[in-house]
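Notes follow once the structure below has been shown.
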Amino acid sequence: MIDFLDVTKIYKNDSLGLKNITLRIEAGEFIYLIGKSGAGKSTFLKLLTLEEIPTRGAILINNQATHSFKNKEMTEYRRNVGIIFQDFKLIQELTVFDNLSYRLEIEGLKSAIIQDRVRAVLAMVGLREKETCFPHELSGGEQQRVAIARACIVQPKIIIADEPTANLDDANAFKVIELLKELNLNGTTVVIATHDEKIQEKFPNKTLEIKHQTIT
1 MIDFLDVTKI YKNDSLGLKN ITLRIEAGEF IYLIGKSGAG KSTFLKLLTL
51 EEIPTRGAIL INNQATHSFK NKEMTEYRRN VGIIFQDFKL IQELTVFDNL
101 SYRLEIEGLK SAIIQDRVRA VLAMVGLREK ETCFPHELSG GEQQRVAIAR
151 ACIVQPKIII ADEPTANLDD ANAFKVIELL KELNLNGTTV VIATHDEKIQ
201 EKFPNKTLEI KHQTIT
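For the sequence shown, UniProt numbering begins at 1 and goes up steadily by one.
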């Protein structure tokens, strides 16, 4: 459970990121975050991932204020968050397998566990046969599915997706949302920032709209 309590974010150049946001994200919810460019969606996601901190107000994770988090608690929260980017952010010099395995290697997991988990998430996104490919050998839809697999590799409690269908045709966009819906049905909280009205129509869910730096 994540609570925003009257959260305002003002950047160093005095530009307003968000103002007076109060809301709750329950565990297991599936939420669309919509709004025009510059409305504050990116700021909201950065606050949600703790990349930014509020200027005023508080964010609570399971009733604990994030401003009181020590390094251990910050690391633990971030370990439970999977992030999916609009431009995939895959490492071009690494194979699909290695793009997924490196985060588990950092955590010190044994090789056999890493192999099993990587192959399991690749099977989940329908790319088991692509593990030796490099990103440039994949289509845009396949790269985004690898990005979803990478977000899932740490078995996160929450997935945050920033315009995950922006560069995809309708068929691939729907596949991406179907994957995220499946993860959500298994208990993962999903927050998607999107401009894509077609996916909202085909897969209706709770929607938060940001206008002029506040939630309407």
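Ideal placement from N, C-alpha and C gives every residue a C-beta, glycine not left out.
Stretch-stretch touch, CB-based, cutoff 8 Å, three pairs: the region 57 to 64 with the region 1 to 10:
The answer is yes - the region 1 to 10 touches the region 57 to 64, with three or more Cβ pairs under 8 Å.
Could you check what DSSP says for residue 175 in three-state terms: helix, strand or coil?
Helix at residue 175.
Residues near residue 216 in its chain [Cβ-Cβ closer than 8 Å; skip 5 each side]:
Taken in chain order, the residues that qualify are 209 and 210.
Roughly how far, in whole angstroms, is the beta-carbon of residue 66 from the beta-carbon of residue 50, given that I think they are within contact range, below 8 Å?
With 8 Å as the limit, residue 66 and residue 50 qualify as a contact, their Cβ atoms being about 6 Å apart.
Does the separation of the CB atoms of residue 135 and residue 96 fall below 9 Å?
Residue 96 sits close to residue 135, with the two beta carbons spaced by under 9 Å.
Could you tell me the alpha carbon to alpha carbon distance between residue 137 and residue 90, rounded to whole angstroms?
Cα to Cα, residue 137 sits roughly 12 Å from residue 90.
Can you check which of these residues, 42, 35 and 5, is closest to residue 17 by C-alpha distance?
For residue 17, the nearest C-alpha among the options comes from 42.
Given this structure, state the Cα-to-Cα distance separating residue 181 from residue 25, to the nearest angstrom.
Residue 181 and residue 25 have their C-alpha atoms some 16 Å from each other.
In the DSSP assignment, find the unbroken beta strand (DSSP E) run with residue 189 in it and report its ends.
Start and end: 189 to 193.
Extent of the continuous alpha helix (DSSP H) run through residue 32:
First-last for residue 32: 30 to 34, but that is the beta strand (DSSP E), not the alpha helix (DSSP H).
Could you name the residues of the same chain whose beta carbon sits closer than 7 Å to that of residue 203, not counting the 5 residues immediately before and after it, in chain order?
For residue 203, where only same-chain residues beyond five positions count, the Cβ hits under 7 Å are 177 and 181.
State buried or exposed for residue 6, treating a residue as buried only when at least 16 other CB atoms are found within 10 Å of its CB.
That one is exposed.
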